[in-house]
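Since the structure comes first, as structure tokens, the remarks are kept for the end.
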Ligand code: FES
Ligand code: FES
Ligand code: FES
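Residue numbers (full-length UniProt numbering), protein chains in the order written: chain A, 1 to 362; chain B, 1 to 362; chain C, 1 to 362.
Structural data, given as structure tokens:
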């Protein structure tokens, strides 16, 4: 179990970050996000260089963030801009690590690796999902007590739907059509394209779909390494293209907090009942229910059974539904092997001074 | 601190296991018990061979139990009987460990060691205790945050009664007769036979005993390795045999959950006031009170003081009341030394296949 | 991170110890304090020599304390005085470690190191603080989830006041005068003398000070190794001596419970509004608020950010306000290096007997 450092991770939705500093933890690093005077988001290590107070407990002063303990101020570049004490001289090592941050499509993204390698073009492009006119949006966030790859496994193998979500998201084993899965790998993306043909519409589409009794159902999941997923799910009349039907665009953004905790943000837009607020509410409620009452307890129970042991060393039986998940794991393993831990993580403190030196200079 | 594997452990009372699967943990192994169509109890490792979901969260389907995550079904022998996916082929390694289970005298017993060595005759025989006509039965269960040998120590040294249970189970130090203890070892049984002669009856016998003012009190504890105890306790007129008096038959069944947790089931039958429901209630209440308010806090405090250090390495002062407990510890030490960890525990996964093999066959 | 063993630590206020035994934990050692017949406090290891029950759950019997589990009694010297069992012989190793204890100036002090080296004269002398006529006293106690040196750092660097206590104990950054700090080291005492000249009185002095609009403010902190602090804080008319003004004498007594927990007792006396109970209440409330709502969350957050890493190995930036804290750390480091762990701690059990020996003698 490990992390990929050179990657963009979702730190929250844009509206999570207002005037107040926001504390998040990603890859075990405590981070603070804040907006400078012109609203640009900044991200710093959430640990003052002086006595290690959380900057997130402090306050924003123009373009700087002020430490709540003794008042040092740090800029967006992580360098101390104000020392209120003594001769106001700013010590050379008075700086904290900065993390590149990008705000796009309702989302905040933080680069956890070597800042030199951060490239805005690598941020997941969701314009096609959320910048569509007349596509109302609902969303939610959870904290899960699990390692992030177990959530990826859950999302890439939707065969669990007819068991775990029987009666909520699906009609259960009895009334469902046969599941066809097509798995494709392209670059750092693994796609799992699920089809069920000529079946009754599932509970959350039934009310909105009146054009035919039977439907074709598609659920296409695109995993982007390391752990963000784009999901197209919908129904259409049997034999007709998906575009003619009703559908949801969903993104599932997984952010590893630690080896045993994952933050999960999701956003869903739709092309049906777009004026109907009650459909938005029902959809959000259904997703919340399925996730918090069905998926989360199951993934947490699996985590508890697996402990800190790596999946493959437990020698799981593999079923046909595991194809996409196994390819994503193999791809992520390769990416992690290929990267060296970025110097900025290893070297987060200024080197080469000793207690004696400190005490002489005081 | 360690466990004896080749032994029967109490997994609960018969009525704990109905139509629904029952999750228990014994010797750190998560187990699921369920009843097949004809009511026979089965016991499997509570961890699906596919992605390690707890089978206990699933449902019973005839003689099988169905995994709640992706629907594999396993039989009483632990072998997968149904794969709902793909060509329905059942992978060779789709099996979970099974544990021999026996239901007898109101109780469920699970064999944690090598299944080949499980022998029904080794199950503690309680017919003489609970199959008696007109002996009403009360019972209870607790989860204790302690290593199981500390509970054994408590039960084998009843000298603690006049201090810890003063005013509840005993009359305390002042009004009690002298305690005589006789310790006997036979096979895997250690007996601690406690007598107090010619004293006032203790609180919970006082109301039911009207035949004499003074009584002889006996409390005979038989420890059966590794951690189940049979207990005869009663009063009779001074100098008369115990059979003429009133008495309780109690069993104390300790089941190690982990190195720091013990499940404790007890059952008590009696030969007095047998029609009187209020006596049953009072008895159950008195035992519950003594155990949860007096014994458990003390044993938990002892555990906290000892930490994970073995008793003998702390060099305890030994008193006369320790004789039975020390013999039980010595006997159990020998049994644990003599057994090798059973192959079924060490080898709970199918050996000899690699990631590459998996990925080729998918 | 480590402890100084040869030192007196505050175990509580005198009135905390009545007729009942009192359990405290100091330097990870569980201790029991009790008063003998004539009221003298005793302190023993809170772990019976028999089966390690906490003596603090037992009761005081004259000059002894009786174990709650099987009734052994121990005297103030830690030696067993009564064995109620068998032939009443007292085993040679039936003893627990005793800790020297001194009661003085409302406080209980325990010596954690080699008893031979305990010297009453080394106890912090607070007579000048609390034996003054007409100086009403208020006090409080907290348990902090932090390593004790972080609390020392907090108290020795009062520059945090204008940020962390803005609006409660201070007027904040804007309306405060310039802070002058003078640091002095003498023997095992480090003094941090803080002055702010010609400023508005801070909130908790404002109501009681009517003699001038502007004041000089002093706050003199005297750290006595290892972790007790005497604090003089007050206001006076500009340019006038402190004695003419109003002031508080405060002691801050830090007692390390473990590497990650500290007990904090404080006592404050004052020379103003001495008849006015409402001033006592307000003062106690203000100190409680500042400590529990402002200091404690900050120190706990710092601890969380630092984990178990030593401060200096994290290479903190040092500011002018760190001068006293760094000198205290250096002094304490030297004291800890100079002491060997006292034999009484290393050798807390009787040596040289084996299981075989025990079992032969039983
Ligand atoms: S801890 Fe940030 S200024 Fe002191
Ligand atoms: S985890 Fe049991 S079938 Fe998938
Ligand atoms: S534990 Fe103290 S007398 Fe037994």
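Glycine residues also receive a C-beta, built at the ideal position from the N, C-alpha and C atoms.
If you check the beta carbons only, do residue i and residue j fall under 8 angstroms apart?
i	j	result
residue 324 (chain C)	residue 190 (chain C)	yes
residue 83 (chain C)	residue 92 (chain C)	no
residue 397 (chain C)	residue 14 (chain C)	The structure shown does not extend to residue 397 (chain C), since chain C is modelled only from 1 through 362, so no value can be given for it.
residue 177 (chain B)	residue 198 (chain B)	yes
residue 101 (chain C)	residue 55 (chain C)	no
residue 246 (chain C)	residue 208 (chain C)	yes
residue 52 (chain B)	residue 305 (chain A)	yes
residue 299 (chain C)	residue 154 (chain C)	yes
residue 46 (chain C)	residue 30 (chain C)	yes
residue 150 (chain B)	residue 295 (chain B)	no
residue 333 (chain C)	residue 1 (chain C)	no
residue 64 (chain C)	residue 73 (chain C)	yes
residue 43 (chain C)	residue 3 (chain C)	no
residue 139 (chain C)	residue 266 (chain C)	yes
residue 57 (chain A)	residue 41 (chain A)	no
residue 104 (chain B)	residue 78 (chain B)	no
residue 253 (chain C)	residue 80 (chain C)	no
residue 331 (chain C)	residue 228 (chain C)	no
By Cβ distance, which residues of its chain are closer than 6 angstroms to residue i, with the 5 residues on each side in sequence left out?
i	result
residue 220 (chain A)	193, 232
residue 230 (chain A)	222, 251
residue 118 (chain A)	100, 111
residue 238 (chain A)	198, 214, 216
Going along the chain, which residues of its own chain have a beta-carbon closer than 7 angstroms to the beta-carbon of residue i, five neighbours each way excluded?
i	result
residue 328 (chain C)	152, 156, 190, 223
residue 59 (chain C)	66
residue 159 (chain B)	179, 321
residue 201 (chain A)	209, 215, 235
residue 120 (chain C)	102
Report the neighbours of residue i on chain F: residues whose CB is nearer than 7 angstroms to its CB, in chain order.
i	result
residue 317 (chain C)	This model lacks chain F altogether, as its protein chains are A, B and C.
Please report the straight-line C-alpha distance between residue i and residue j, rounded to a whole angstrom.
i	j	result
residue 144 (chain C)	residue 283 (chain C)	21 angstroms
residue 20 (chain B)	residue 250 (chain A)	36 angstroms
residue 195 (chain A)	residue 215 (chain A)	11 angstroms
residue 261 (chain A)	residue 110 (chain A)	18 angstroms
residue 76 (chain B)	residue 62 (chain B)	11 angstroms
residue 279 (chain B)	residue 288 (chain B)	14 angstroms
residue 255 (chain B)	residue 108 (chain B)	12 angstroms
residue 5 (chain B)	residue 242 (chain A)	58 angstroms
residue 364 (chain C)	residue 319 (chain B)	The requested residue 364 (chain C) is not part of the displayed model; chain C covers only 1 to 362.
residue 116 (chain B)	residue 135 (chain B)	37 angstroms
residue 85 (chain C)	residue 183 (chain B)	15 angstroms
residue 8 (chain B)	residue 24 (chain B)	14 angstroms
residue 126 (chain B)	residue 28 (chain C)	46 angstroms
residue 348 (chain C)	residue 307 (chain C)	In this predicted model, residue 348 (chain C) has a pLDDT of only 44, less than 50, meaning its place in the structure is not dependable; the value taken from the coordinates is given anyway. If I take the Cα positions, the gap works out to 30 angstroms.
residue 161 (chain A)	residue 277 (chain B)	50 angstroms
residue 338 (chain B)	residue 185 (chain B)	19 angstroms
residue 275 (chain B)	residue 206 (chain B)	18 angstroms
residue 70 (chain C)	residue 174 (chain B)	14 angstroms
residue 314 (chain C)	residue 301 (chain C)	16 angstroms
residue 128 (chain A)	residue 297 (chain A)	32 angstroms
residue 361 (chain A)	residue 335 (chain C)	Only weak support is given to the placement of residue 361 (chain A): the predicted model assigns it a pLDDT of 43, under 50, and the question is left unresolved by the model.
residue 291 (chain C)	residue 290 (chain A)	44 angstroms
Can you round the beta-carbon distance between residue i and residue j to whole angstroms, since I take them to be within the 8 angstroms contact cut?
i	j	result
residue 94 (chain A)	residue 317 (chain C)	5 angstroms
residue 268 (chain A)	residue 248 (chain A)	5 angstroms
residue 141 (chain B)	residue 264 (chain B)	7 angstroms
residue 303 (chain A)	residue 146 (chain A)	4 angstroms
residue 286 (chain B)	residue 204 (chain B)	5 angstroms
For residue i, which residues in the same chain have their Cβ closer than 8 angstroms to its Cβ, ignoring the five residues on either side in sequence?
i	result
residue 351 (chain C)	With a pLDDT of 35 at residue 351 (chain C), under the threshold of 50, the modelled position of that residue is not reliable, and no figure is offered here.
Quick check on the contact list: which residues have their beta carbon closer than 6 angstroms to a heavy atom of ligand 3? C:48, C:50, C:51, C:53, C:67, C:69, C:70, C:71, C:72
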